[in-house]
Amino acid sequence: MTGRAGKIILAAMLALGLAGEVSATDAGNWDAVVADAKGQTVYFNAWGGSEPINAYIRWAGGEMKSRYGVNVVHVKLDDTAKAVATVVAEKAAGKNDDGAVDLIWINGENFAAMKREGLLFGPGWATKLPNWRYVDHETKPTVLKDFTIPTEVLESPWGGAKLVFFHDSARTRKADLPDSAASLLKWAEANPGRFSYPQPPDFTGTSFLKQVLIELIGDRTRLLGPVDEATFAADVAPLFAYLDKLTPLLWRQGKAYPQNYPDMKQKLADGELDIIFAFNPAEASSAIANGELPDTVRSFVFSGGTLGNTHFLAIPYNATAKAGALVLADFLLSPEAQLRKQDPKIWGDPTVLSLAKLSAEDRSAFERLDLGIATLKPNELGPALEEPHPDWMTRIEAEWIRRYGAAN
Amino acid sequence: MGRPTRIKALQTGSRGLTTNTLLALILGLPILAGVAGIILPAFGYLPALGGSRVTLDHFAELAGQPHILRSALTGVVAGLATTCTVVAIVGTFLAGFAGTPIFSRIQHLVSPLLAVPHAAAAFALAFLVAPSGFVIRLVSPELTGFTRPPQWLVPNDPLALSMVAGLITKEAPFLFLIALAALSQLPLRQSRQLTAALGYGRLSGFLVSLWPALYRQMRLAVFAVLVYSVSVVDVAIILGPQLPATLPVRIAQWAADDDLRARFLASAAALLQLAVVLAAVVIWLLIERIGRFVLARLTYSGRRLRNDAVPRLISAFAMAACAALIFVGIAILGVWSIAGLWQFPDAWPAKLTPQAWLRTLPQLWPALRTTIALALSSASLALFLAVLLLHRNGRASGTGHRLLYLPLLLPEISFVFGLQILIVAAGLKPAFGSVLAVHFLFVLPYVLLSLAAPWRELDPRFERIAAGFGKSALQTLLTVRLPLLLRACLTAFAVGFSVSVSLYLPTLLIGAGRLTTIATEAVALSSGGDRRVIGIHALVQASLPFLVFLIASLAPQLLFRKRRAMRT
Numbered sequence: 001m002t003g004r005a006g007k008i009i010l011a012a013m014l015a016l017g018l019a020g021e022v023s024a025t026d027a028g029n030w031d032a033v034v035a036d037a038k039g040q041t042v043y044f045n046a047w048g049g050s051e052p053i054n055a056y057i058r059w060a061g062g063e064m065k066s067r068y069g070v071n072v073v074h075v076k077l078d079d080t081a082k083a084v085a086t087v088v089a090e091k092a093a094g095k096n097d098d099g100a101v102d103l104i105w106i107n108g109e110n111f112a113a114m115k116r117e118g119l120l121f122g123p124g125w126a127t128k129l130p131n132w133r134y135v136d137h138e139t140k141p142t143v144l145k146d147f148t149i150p151t152e153v154l155e156s157p158w159g160g161a162k163l164v165f166f167h168d169s170a171r172t173r174k175a176d177l178p179d180s181a182a183s184l185l186k187w188a189e190a191n192p193g194r195f196s197y198p199q200p201p202d203f204t205g206t207s208f209l210k211q212v213l214i215e216l217i218g219d220r221t222r223l224l225g226p227v228d229e230a231t232f233a234a235d236v237a238p239l240f241a242y243l244d245k246l247t248p249l250l251w252r253q254g255k256a257y258p259q260n261y262p263d264m265k266q267k268l269a270d271g272e273l274d275i276i277f278a279f280n281p282a283e284a285s286s287a288i289a290n291g292e293l294p295d296t297v298r299s300f301v302f303s304g305g306t307l308g309n310t311h312f313l314a315i316p317y318n319a320t321a322k323a324g325a326l327v328l329a330d331f332l333l334s335p336e337a338q339l340r341k342q343d344p345k346i347w348g349d350p351t352v353l354s355l356a357k358l359s360a361e362d363r364s365a366f367e368r369l370d371l372g373i374a375t376l377k378p379n380e381l382g383p384a385l386e387e388p389h390p391d392w393m394t395r396i397e398a399e400w401i402r403r404y405g406a407a408n
Numbered sequence: 001m002g003r004p005t006r007i008k009a010l011q012t013g014s015r016g017l018t019t020n021t022l023l024a025l026i027l028g029l030p031i032l033a034g035v036a037g038i039i040l041p042a043f044g045y046l047p048a049l050g051g052s053r054v055t056l057d058h059f060a061e062l063a064g065q066p067h068i069l070r071s072a073l074t075g076v077v078a079g080l081a082t083t084c085t086v087v088a089i090v091g092t093f094l095a096g097f098a099g100t101p102i103f104s105r106i107q108h109l110v111s112p113l114l115a116v117p118h119a120a121a122a123f124a125l126a127f128l129v130a131p132s133g134f135v136i137r138l139v140s141p142e143l144t145g146f147t148r149p150p151q152w153l154v155p156n157d158p159l160a161l162s163m164v165a166g167l168i169t170k171e172a173p174f175l176f177l178i179a180l181a182a183l184s185q186l187p188l189r190q191s192r193q194l195t196a197a198l199g200y201g202r203l204s205g206f207l208v209s210l211w212p213a214l215y216r217q218m219r220l221a222v223f224a225v226l227v228y229s230v231s232v233v234d235v236a237i238i239l240g241p242q243l244p245a246t247l248p249v250r251i252a253q254w255a256a257d258d259d260l261r262a263r264f265l266a267s268a269a270a271l272l273q274l275a276v277v278l279a280a281v282v283i284w285l286l287i288e289r290i291g292r293f294v295l296a297r298l299t300y301s302g303r304r305l306r307n308d309a310v311p312r313l314i315s316a317f318a319m320a321a322c323a324a325l326i327f328v329g330i331a332i333l334g335v336w337s338i339a340g341l342w343q344f345p346d347a348w349p350a351k352l353t354p355q356a357w358l359r360t361l362p363q364l365w366p367a368l369r370t371t372i373a374l375a376l377s378s379a380s381l382a383l384f385l386a387v388l389l390l391h392r393n394g395r396a397s398g399t400g401h402r403l404l405y406l407p408l409l410l411p412e413i414s415f416v417f418g419l420q421i422l423i424v425a426a427g428l429k430p431a432f433g434s435v436l437a438v439h440f441l442f443v444l445p446y447v448l449l450s451l452a453a454p455w456r457e458l459d460p461r462f463e464r465i466a467a468g469f470g471k472s473a474l475q476t477l478l479t480v481r482l483p484l485l486l487r488a489c490l491t492a493f494a495v496g497f498s499v500s501v502s503l504y505l506p507t508l509l510i511g512a513g514r515l516t517t518i519a520t521e522a523v524a525l526s527s528g529g530d531r532r533v534i535g536i537h538a539l540v541q542a543s544l545p546f547l548v549f550l551i552a553s554l555a556p557q558l559l560f561r562k563r564r565a566m567r568t
């Protein structure tokens, strides 16, 4: 048995030495990419926590099969970092070809980490995709900068996100709703125990901290670059002074926190929370459609702006089906796929395309979409505040855990 | 122990040795790779992430983590509290009721509970006891006046009481089932008659006569409960304290951190977790000593302790409560799976709809097939190997296969990461085979654990009689030992089956997510928090092992219809 195991390892090492055949993966030569993709299987690693999203990816897989002969397998993750971990383990083992991950749904810190460790397929393919011509990279700066980190077109935009608050109009009057972080604190004083945020390092929870930081920090340009150790304490002092006041007014007096956004959604339905928030403006409408929230739930934003960003698709450096991954990324960027994605009955995720660049027919289809009763119109969403550099997120999380990580 | 078959052990000794060496090589290699996958990064060695020099920095970083001591201590205390309570409940219940009609009733009630996945049971419990949970909804607002959920810190209380309660409800059935297998090899009726004739109460009679032998047999299982409770992740996330979370939860967070450098920290913390587990084991050994001392004093004192109705009733109530909690909880998850909008304080959903089932079921089939195939093959393989190992090693306590228990003792998350590197380095494609191999690695110790005790305690005279008739060792094994141990074998198989069904991390990481099982689907979807979908997956996931346990408990009765003594 050990002899055979030795042979297997030897054979594997030989196979690694003789790298895989050269394939057409230059997005500039699109016909060759499409030809090469035919028959490939793309392992698409994407968060699998939402049935509507999973259904959307299943639809895209079906279309890819019938149009391009590409098989799409949705590898459902509970956390994108697991896909990153797979690529890391492969690199650790010297497996620089034939990797298990072909396409990842990614943004923010996961992207920053993969870019830093050189785990991404390059050079810049995203702008060479045929459907790139529709992308709104002029008015949506987050399409080219992922949490201030230049994408260097190592990832292709897939959808937009914006921080939006939800409340139940049957319980909370519209006139009482806060319009800024400062007035949220006043609201919490009047309604103790009815607001909270997911416990960092949950993504939505940290986003709330960033929202408050952006509103309270004196000089917002500081957030565009990495943390400056010399001024960090002073920079975040207003944030933590705010949290010191807010914490005892939180749900369970800040001795426990919701796990994540869906947990907050459940708590809004259960009547434990009165104001929650999400990173997708259509979340409430789709939750109403699914019977998870009552149809009296409505959205609101801060007039001074809320956090906005873009999520992306990236290909690991050692992906097996690079051509198939390129074709899938392009398809997901098509007006057809983006329209379907923005439909709140299907997913409700804001498009990254510019309506001005679309054909008249596609444009009117987007304009005709019924965004749902609880979704704000694009012009009601208010200004978008840009994400701080990822460094801030890491440091704020650590600082938060140090200060509030042990309730007494 | 082991005297009667020493001759046989000597005869097969040399061959047994080679089998063991081979097994140690086949199984030990991946286990050691898993261990190396923790130790090397903990000391800074993980070239893929730029760590190529040995350093103690990561331990310093770990020591600098806020509240790390409290995280570690909470786990130890919760683990010890769980284990103490579970042993007390199961021990008292066995002592008070073994051999009575109420016993067999509760036995049938409790056995299927083993099939319920930990996470599902934890969710069920959380929804029962939370301030917006079912119990409060039932009596609100009529009795309590609550139109809004009260601000009680349950679950996730800082003392980890909800977590301990959740672990007890799940671990008591496990230990009970192990004890049941062991009990069938002990002279229960005779010793009951003897101690009763001497005037002992039921509890004290059992304690002085049978308990030491019974405990010896369940001891490994007790340690498994202890280690599991100290290092559990999913139950701790759902029910445990959050500020700070227990150490295993924090390790899981670091290992999944998008900042990849946190892996070094996670590995160092995994070594700390190993130390924490060892500390818990040492404390338990002390508790055992104290227990032995007290029992010896009790025995020598000759006290009969006839008034034991109260502790007996408490233990019966506790066992029944475990069963009831999980059954009611699962039933409510079932209601959730067909609920439309269900707001506080309504005791019943506003409307029922099969929508979630209709949407989910069709996609469950592939995952269901993979789950069953993995569980059937890994449990069968493990049972076969366990029988082989026990047969080779006979009654000599097999120190050779102690190594196989390592997967139970190591924090799963780092262990699996080490394995993943090994498998990728060996050039193996993530496929059914490699996932099966890893499942096998986790299933085998549980199967061995369930089977070893009854195997050793089987009355050797049966086999001596068979040998007297000139039967070969193999014939004796097939026609005498295995039929006598049929129930133990089936139980061990069912335990292995349910372990395989519930494995999440190994399936995900080794299968690179390409093999979808009910467990991977359930955890991915539970991150989305939809109680309907969680309910469906919990029901499906629980129903698989449930069926197997049902078969395991019914088969002996069907097969041995005409042999009354073999039916238990």
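Protein chains in written order, with the UniProt record's numbering: chain A, 1 to 408; chain B, 1 to 568. The C-beta atom is built at its ideal place from N, Cα and C for all residues, glycine as well.
Checklist entry - Start and end of the beta strand (DSSP E) containing G160 (chain A)? => result Residues E155 to K162.
Next on the checklist: Under 8 Å: do the stretch 283–291 of chain B and the stretch 51–71 of chain B share three or more Cβ pairs, one atom per stretch?
Outcome noted: By the Cβ test, the stretch 283–291 of chain B is not in contact with the stretch 51–71 of chain B, since fewer than three Cβ pairs between them sit closer than 8 Å.
Item to check | Per DSSP, the bridge partner or partners of R298 (chain A) | outcome: For R298 (chain A), which the question treats as bridged, DSSP gives the partners A:H167.
Checklist entry - Can you check whether the CB of P52 (chain A) is closer than 8 Å to the CB of W347 (chain A)? => result A Cβ-Cβ contact shorter than 8 Å links W347 (chain A) with P52 (chain A).
Checklist entry - With respect to the beta strand (DSSP E) encompassing Y43 (chain A), which residues constitute its N-terminal and C-terminal limits? => result For Y43 (chain A), the uninterrupted beta strand (DSSP E) segment begins and ends at T41 to W47.
Next on the checklist: I need the boundaries of the alpha helix (DSSP H) containing K255 (chain A), first residue and last residue.
Outcome noted: Bounds of any alpha helix (DSSP H) do not take in K255 (chain A), whose DSSP letter is neither H nor E.
Checklist entry - With C-beta atoms as the reference, is R359 (chain B) less than 8 Å away from Y200 (chain B)? => result The answer is no: Cβ separation not under 8 Å.
Checklist entry - DSSP three-state call for N156 (chain B): helix, strand or coil? => result For N156 (chain B), the secondary structure class from DSSP, reduced to helix, strand or coil, is coil.
Checklist entry - If you run the structure through DSSP and keep just helix, strand and coil, what is D98 (chain A)? => result The answer is coil: DSSP assigns D98 (chain A) none of H, G, I, E or B.
Item to check | Length at least 4, wholly inside the stretch 235–281 of chain A: the alpha helix (DSSP H) runs in chain order | outcome: Counting whole runs of 4 or more residues, the stretch 235–281 of chain A contains the alpha helix (DSSP H) stretches 261–270.
Checklist entry - Using Cβ-Cβ distances below 8 Å, what residues of the stretch 64–91 of chain A are close to chain B? => result Taking 8 Å as the Cβ-Cβ cut-off against chain B, the residues of the stretch 64–91 of chain A that qualify are V73, V75, K76, L77, D78, D79, T80, A81, K82, A83, V84, A85, T86, V88, A89, E90 and K91.
Item to check | Per-residue DSSP class, three states only, for residue 489 (chain A) | outcome: The structure shown does not extend to residue 489 (chain A), since chain A spans only 1 to 408, so no value can be given for it.
Checklist entry - Taking the C-alpha atoms as reference points, what is the distance between L385 (chain A) and T151 (chain A)? => result Taking the straight line from one Cα to the other gives about 18 Å.
Checklist entry - For the candidate residues A:D26, A:D228, A:D98 and A:N309, whose alpha-carbon lies nearest to that of Y43 (chain A)? => result Considering only alpha carbons, the answer is A:D98.
Checklist entry - Taking a cut of 8 Å between CB atoms, which residues from the stretch 167–199 of chain A lie near chain B? => result Hits within the stretch, in order: G193 and Q199.
Next on the checklist: Within a Cβ cutoff of 6 Å, which residues of the same chain sit near L23 (chain B), ignoring the five residues on either side of it in sequence?
Outcome noted: Cβ neighbours of L23 (chain B) within its own chain (closer than 6 Å, five residues either side excluded): none.
Checklist entry - How long is the line joining the alpha carbons of A175 (chain A) and T247 (chain A), rounded to whole angstroms? => result The alpha-carbon atoms of A175 (chain A) and T247 (chain A) are separated by roughly 24 Å.
Checklist entry - Out of curiosity, what's the CA-to-CA distance linking S66 (chain A) and W59 (chain A)? => result Going by the C-alpha atoms only, they are around 11 Å apart.
Checklist entry - In angstroms, rounded to a whole number, what distance separates the CA positions of L333 (chain A) and W132 (chain A)? => result So the two alpha carbons sit approximately 7 Å from each other.
Checklist entry - With 8 Å set as the bound, which would you pick, yes or no: does the beta-carbon of E21 (chain A) sit closer than that to a beta-carbon of chain B? => result With a pLDDT of only 38 at E21 (chain A), under 50, the local geometry of the prediction cannot be trusted, and the value read off the model is given with reservation. Taking Cβ atoms only, chain B never reaches closer than 8 Å to E21 (chain A), which makes this a no.
Checklist entry - In whole angstroms, what is the alpha-carbon distance linking A555 (chain B) and R481 (chain B)? => result Using only the alpha carbons, I get a separation of about 17 Å.
Next on the checklist: Looking only at its chain, what residues have a beta carbon closer than 6 Å to the beta carbon of G3 (chain A), apart from the 5 residues adjacent to it on each side?
Outcome noted: Reliability fails at G3 (chain A), whose pLDDT of 42 lies under 50, so the model's placement of it is uncertain and no value is given.
Checklist entry - Taking the DSSP output, what are the residues bridged to K145 (chain A)? => result DSSP, once it has assigned bridges, lists A:P150 as partnering K145 (chain A).
Checklist entry - Is it buried or exposed for R368 (chain A), if we count other Cβ within 10 angstroms and need 16 for buried? => result With fewer than 16 other Cβ atoms within 10 Å, it is exposed.
Item to check | Nearest to L180 (chain B) (by Cα), restricted to the options B:F93, B:G418 and B:R392 | outcome: Checked all of B:F93, B:G418 and B:R392; the closest Cα to L180 (chain B) is B:F93.
Checklist entry - Hey, does S364 (chain A) have any beta-carbon neighbour from chain B nearer than 8 Å? => result For S364 (chain A), the answer is no, since every Cβ of chain B falls outside 8 Å of its Cβ.
Item to check | C-beta atoms of residue 412 (chain A) and F166 (chain A) nearer than 8 Å | outcome: Any property of residue 412 (chain A) remains undetermined from this structure, which presents chain A solely from 1 to 408.
Checklist entry - Any idea if N29 (chain A) is buried or exposed, counting beta-carbon neighbours within 10 angstroms, 16 or more meaning buried? => result Residue environment for N29 (chain A): exposed (fewer than 16 other C-beta atoms within 10 angstroms of its C-beta).
Checklist entry - Whose C-alpha, out of B:T144, B:V233, B:G96 and B:A270, is nearest the C-alpha of R192 (chain B)? => result Checked all of B:T144, B:V233, B:G96 and B:A270; the closest Cα to R192 (chain B) is B:G96.
Item to check | L374 (chain B) burial status per 10 Å Cβ neighbour count (16 or more: buried) | outcome: Flag for L374 (chain B) reads buried.
Item to check | beta strand (DSSP E) segment containing G308 (chain A), residue limits | outcome: G308 (chain A) -> beta strand (DSSP E) spans T306 to A314.
Checklist entry - Taking C-alpha atoms, which residue in A:Y404, A:L293, A:S359 and A:G39 lies nearest to F240 (chain A)? => result It is A:Y404 whose Cα lies nearest to the Cα of F240 (chain A).
Checklist entry - Does any residue of chain A bring its CB to less than 8 Å from the CB of P112 (chain B)? => result Cβ-Cβ to chain A under 8 Å: no for P112 (chain B).
Item to check | N107 (chain A), enclosing beta strand (DSSP E) - first and last residue | outcome: Where N107 (chain A) is concerned, there is no enclosing beta strand (DSSP E), given that its DSSP letter is neither H nor E.
Checklist entry - Rounded to a whole number of angstroms, what is the C-alpha to C-alpha distance between V84 (chain A) and F302 (chain A)? => result A direct Cα-Cα distance of roughly 34 Å separates V84 (chain A) from F302 (chain A).
Item to check | Residue-chain proximity (D530 (chain B), chain A), Cβ-Cβ < 8 Å | outcome: Taking Cβ atoms only, chain A reaches closer than 8 Å to D530 (chain B), which makes this a yes.
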